[in-house]
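Student: Same order as they appear, the protein sequences are chains A and B.
Per the working numbering, the first sequence starts with residue 2, numbered consecutively.
Per the working numbering, the second sequence starts with residue 2, numbered consecutively.
2 protein chains.
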Amino acid sequence: MAGQKIQRQTGVALWRQIADRIRTSINHGDFDESGMVPPETTLALQFGVNRHTIRSALAALAQEGIVRAVQGRGTLIERKERLSFPISKRTRFSQGIGDQVRETRSVLLGTGEEAASAELARHLRIKTGAPLVRLETLGQADHRPVSRATSWFPADRFGGIAETYRAMGSITKAFREFGVPDYVRMVTEITATHADENDLADLQLSPGAIVLITQALNTDLDNVPVQYSISRFAADRVRFTIEN
Amino acid sequence: MAGQKIQRQTGVALWRQIADRIRTSINHGDFDESGMVPPETTLALQFGVNRHTIRSALAALAQEGIVRAVQGRGTLIERKERLSFPISKRTRFSQGIGDQVRETRSVLLGTGEEAASAELARHLRIKTGAPLVRLETLGQADHRPVSRATSWFPADRFGGIAETYRAMGSITKAFREFGVPDYVRMVTEITATHADENDLADLQLSPGAIVLITQALNTDLDNVPVQYSISRFAADRVRFTIEN
DNA sequence: TATGGTTGTCTATATCAATAGACATTTAAA
DNA sequence: TTTAAATGTCTATTGATATAGACAACCATA
């Protein structure tokens, strides 16, 4: 395990720092040979903390479903994944990761109408205050939540797209119904921050977790903006790949 | 400020969660009108915590140099920034952010020779065990550390590039000396994780901070790999912009 | 079946994190 | 100069975090 030392008196409990480190090591494949996490006493020695502190960290990871402790045997690794999301002109949620999971699904969390803010209007190249359709969706891979997205569509062109999406289960298909056979991604911004309370709930994260945020504009083939979306990904479950 | 509620008993101290939130709000420009953070009593009410807890959070931000408390007046915002890094075929550290800061600098942290691991060999399309030159650099903007990069170059073609880099102060210029007038970025992978102890030291972060990690391959104009690098960015100081 | 290695549980203690309240000090404006 | 509003400092108390040690329970295997 790389970078063994941990920080004390920083407002982040030792057990949480250690849990984060072990999760990273698991995702990195450090324990692939045995399929198990090292014994608690070994970890306690490595991290220079008490065994009880290690137990708190492992309990947190067990709560996340990442490891499972078996008395007498050790602590088994249950899950280990980081989906690779290609980011390109043809970025779609389900495409590109189809070969990595058995099932992808997009769930509608909520929808609404709102007037375009100055920022949204600038991105979508419409007037401030113009009506927008807002879509909140949850992306799942093999029944595990991966991303949480808010999308805005110009309402004058895509009024009722929420219902269409609900029926089709895919934004790509809904677009087709509205006479947009294809669309491309223009600009994507990527940032990272700590998960807020909505992230924790929707993405089933533990506090202190990281979310990767992408902001993207999709345009139709005539270069007219059709969708602006902000997506929040569980950082320990995904990796972005940019192909030029 | 969005998402007011904070999580208790999660291994992350309230004061640190609140400090992170306030830092985000400052970077988001929420307090731009006044140039000040709301009064401690107001924040205590908003976050639903004791004023002393707010004071701990603000003390941490003051330590980072982000705010400065003045008795009788309030808490002033000292610094607010998130550099925008364009990611494209022409990604360079100094280019693209030149208009956002007064000075960019790249500092050599260390250098060495090593044999190519299987993974590095695959990326650079050379034989496993082939000699590599390793460069550890620190990217600074206006004297503030922004990124920490480790780069590998095939030693048979770029032996001594460390010294050239040290003399030139730029990888682009060093490449030119080795007969590589231009180079392009092939694939970039982006992940995020918590800062490790090296990040904390080199990037001057506080524990629990987030680093954005990019892995990139640069090739010359004949499509031959010349550099593979892993860069770690302080997430609260940067934003990646992808232009298609 | 006996043993070594592992996780599970309990008690006790010290330190950090958070709350609560009171009052001092400083600044800006009435 | 007075006052209101803001930060600074102090004491006290409670709960979470971390350490320490001992022993029970369980598993694989020699």
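Every residue gets a Cβ at the ideal spot worked out from N, C-alpha and C, and that includes glycine.
Only a predicted model underlies this, so the values are computations on that prediction, with no experimental measurement involved.
1. At which residues does the beta strand (DSSP E) containing S57(A) begin and terminate?
2. Is the beta carbon of T151(A) less than 9 Å from the beta carbon of I231(A)?
3. Under 7 Å Cβ-Cβ, which residues of chain B neighbour F241(A)?
4. Looking at chain B, is there any beta carbon in it that lies within less than 9 Å of the beta carbon of H195(A)?
5. What whole-angstrom Cβ distance do I55(A) and L44(A) have, given they're in contact under 8 Å?
6. Looking at the C-beta of S152(B), does it have a partner C-beta in chain A at a distance below 9 Å?
7. Taking only beta-carbon atoms, is R283(A) less than 9 Å away from chain B?
8. What would DSSP say about T25(A), mapped onto helix, strand or coil?
9. Quick check on DSSP: helix, strand or coil for R80(B)?
10. Quick one: what's got a C-beta closer than 6 Å to H124(A)'s C-beta in the same chain, skipping five residues either side?
11. Pull up the DSSP beta-bridge partners for H124(A), would you.
12. For F241(A), which residues in the same chain have their Cβ closer than 6 Å to its Cβ, ignoring the five residues on either side in sequence?
13. Name, going along the chain, the residues of the region 213 to 234 of chain B whose beta-carbon falls closer than 8 Å to a beta-carbon of chain A.
14. Shorter than 9 Å from the beta carbon of V68(B) to some beta carbon of chain A?
15. So, helix, strand or coil for F179(A), using DSSP?
16. DSSP three-state call for Q141(B): helix, strand or coil?
17. Using 10 angstroms around the beta-carbon of Q18(A), count the other beta-carbons present and answer buried if the total reaches 16, otherwise exposed.
18. Kindly list the residues whose CB is nearer than 7 Å to the CB of R233(B), restricted to its own chain and excluding five residues on each side of it in sequence; keep chain order.
19. Quick check on the burial criterion: 16 or more other C-beta atoms within 10 angstroms. Buried or exposed for G99(B)?
20. If the cut is a Cβ gap below 8 Å, which residues of chain B does A14(A) touch?
21. Quick one: measure Cβ to Cβ for L110(B) and D203(B), integer angstroms, because I've assumed they're closer than 8 Å.
22. Determine the DSSP secondary structure at Q228(B), reduced to helix, strand or coil.
23. Using the three-state DSSP reduction, which class does D157(B) fall into: helix, strand or coil?
24. In chain order, what residues of the same chain lie with their CB nearer than 8 Å to the CB of E41(A), ignoring the 5 residues before and after it?
25. What I want to know is whether the C-beta of R74(B) ends up closer than 8 Å to one or more non-hydrogen atoms of the ligand COA.
Tutor: Taking the definition as stated:
1. Counting along the chain, S57(A) falls outside any beta strand (DSSP E), though it belongs to the alpha helix (DSSP H) covering 52 to 65.
2. yes
3. E190, I191
4. yes
5. 5 Å
6. no
7. The displayed coordinates of chain A run from 2 to 245. Any statement about residue 283(A) would go beyond what the structure contains.
8. helix
9. coil
10. L218, Y229
11. Note: H124(A) sits in no beta bridge, so no partner.
12. F86, I88
13. L213
14. no
15. coil
16. strand
17. buried
18. S148, R149, D200, V212, I214
19. Its pLDDT being 47, under 50, G99(B) is placed unreliably by the model, and nothing is read from it.
20. G12, V13, A14
21. 7 Å
22. strand
23. helix
24. R52, I55, R56, L59, T76
25. The ligand content of the structure shown is nil, which means the ligand COA is not present either.
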